[in-house]
Amino acid sequence: MQTVLFHETIFGPIHSRRLGTSLGVNLTPNDGKICSFDCLYCEAGFNAQGPGTTGFAPRAEVARLLECRLARMKEEGNGLDVITFSGNGEPTLHPDFPAIVDDTIALRDRFFPAAKVSVLTNSTRLGDPEVCRALMKVDNNILKLDSALENTVRVLDRPNSPGFSAEGVTELLRQFAGQGIIQTMMLRGRWEGQTIDNTTEAEVEALIGAYRRICPREIMLYSIDRPTPARSLEKIPAGELRAIGERISLATGIPVQVN
Numbered sequence: 027m028q029t030v031l032f033h034e035t036i037f038g039p040i041h042s043r044r045l046g047t048s049l050g051v052n053l054t055p056n057d058g059k060i061c062s063f064d065c066l067y068c069e070a071g072f073n074a075q076g077p078g079t080t081g082f083a084p085r086a087e088v089a090r091l092l093e094c095r096l097a098r099m100k101e102e103g104n105g106l107d108v109i110t111f112s113g114n115g116e117p118t119l120h121p122d123f124p125a126i127v128d129d130t131i132a133l134r135d136r137f138f139p140a141a142k143v144s145v146l147t148n149s150t151r152l153g154d155p156e157v158c159r160a161l162m163k164v165d166n167n168i169l170k171l172d173s174a175l176e177n178t179v180r181v182l183d184r185p186n187s188p189g190f191s192a193e194g195v196t197e198l199l200r201q202f203a204g205q206g207i208i209q210t211m212m213l214r215g216r217w218e219g220q221t222i223d224n225t226t227e228a229e230v231e232a233l234i235g236a237y238r239r240i241c242p243r244e245i246m247l248y249s250i251d252r253p254t255p256a257r258s259l260e261k262i263p264a265g266e267l268r269a270i271g272e273r274i275s276l277a278t279g280i281p282v283q284v285n
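Each residue of the sequence shown is one higher than the one before, counting from 27 in this note's numbering.
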């Protein structure tokens, strides 16, 4: 079974194809995975591998480790484009997520004031006002919407909560109009006898309708770049992905970044 990617709380810097030189912040366990989705394409593997033993990184430890890494990078004359909350699961599940965002912004301002703070979230915690206020503070609030069709969301993202729905999350995403960035993974394949393809006419039209309602600052389309736990998934060719992006941008008037 494919297992977790990150064995540190602060990792990198790495080169992100969407964000540039990125220093990662992993708030989830270093030896397991905690997530409110169980996506077929997750590079950190399926949730079945378990949550591990280390638990959520304590707030004070996150701040200490981040301060040490930023100070060293500054002393060595390294550049930094972005500090990115990512890792082995969903960062907004951390009980101190809002406070950690405040700590991170303060440390960014101290060491690399030109760098951006980004959060990659699967959008499952948008019903929590404190989480939403924290997301409004960051430079790149990158929110997942892989499909606007319910069955596809259920098969592809596999949300833990039975109450999660494509319609419900679309409505919650509207609070970030003009500020949020919507990230959509495009792929096709099969899983347990079901065909998955969010590039079809019906899927793209449903996404266009959702993007219009949400009015994000930007849309990010991307496809598989590394091995996935569901082995039958297929990467969308770059030319096809660009064509979908152009169609969405033309239909919505929203800038689309394709990676």
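We treat Cβ as the ideally placed atom computed from N, Cα and C, and that holds for glycine.
Check, Outcome
"C-alpha gap between residue 174 and residue 83, whole angstroms", "33 Å"
"Sheet register partners of residue 37 (DSSP bridge)", "50"
"Residue nearest to residue 158 in terms of C-alpha spacing, selected from 49, 213, 106 and 124", "124"
"Limits of the alpha helix (DSSP H) - the one that residue 162 falls within", "155-163"
"Cβ separation of residue 35 and residue 107, assumed to be a contact under 8 Å, to the nearest whole Å", "Their Cβ separation, rounded to whole angstroms, is 20 Å, which puts residue 35 and residue 107 out of contact at 8 Å."
"Terminal residues of the alpha helix (DSSP H) in which residue 237 lies", "227-240"
"Distance between residue 86 and residue 245 (C-alpha atoms, nearest Å)", "34 Å"
"Within-8 Å CB hit, residue 213 to chain C", "Of the protein chains in the structure, only one exists, and it is not chain C."
"Start and end residues, beta strand (DSSP E) containing residue 111", "108-112"
"Test item: CB-CB of residue 230 and residue 268 under 8 Å", "no"
"Distance, residue 114 Cα to residue 32 Cα", "6 Å"
"Of the residues 187, 202, 182 and 255, the one placed nearest residue 224, counting alpha carbons only", "182"
"Segments assigned beta strand (DSSP E), at least 3 residues, entirely inside the region 165-236", "166-170, 206-211, 213-217 and 220-223"
"Residue 239 versus residue 61 - alpha carbon distance", "27 Å"
"Residue range of the beta strand (DSSP E) that includes residue 142", "142-147"
"Distance, residue 276 Cα to residue 191 Cα", "27 Å"
"Residue 116 (DSSP reduced to helix, strand or coil)", "coil"
"Sheet register partners of residue 244 (DSSP bridge)", "207"
"Outcome for residue 177 when other beta-carbon atoms lying within 10 angstroms are tallied against a minimum of 16", "exposed"
"Candidates 184, 198 and 101, of which the one nearest residue 237 by Cα", "198"
"Proximity below 8 Å, CB of residue 72 to CB of residue 188", "no"
"Proximity of residue 170 and residue 147 at Cβ, strictly below 8 Å", "yes"
"Of the listed residues 172, 185, 247 and 119, nearest to residue 222 (C-alpha basis)", "172"
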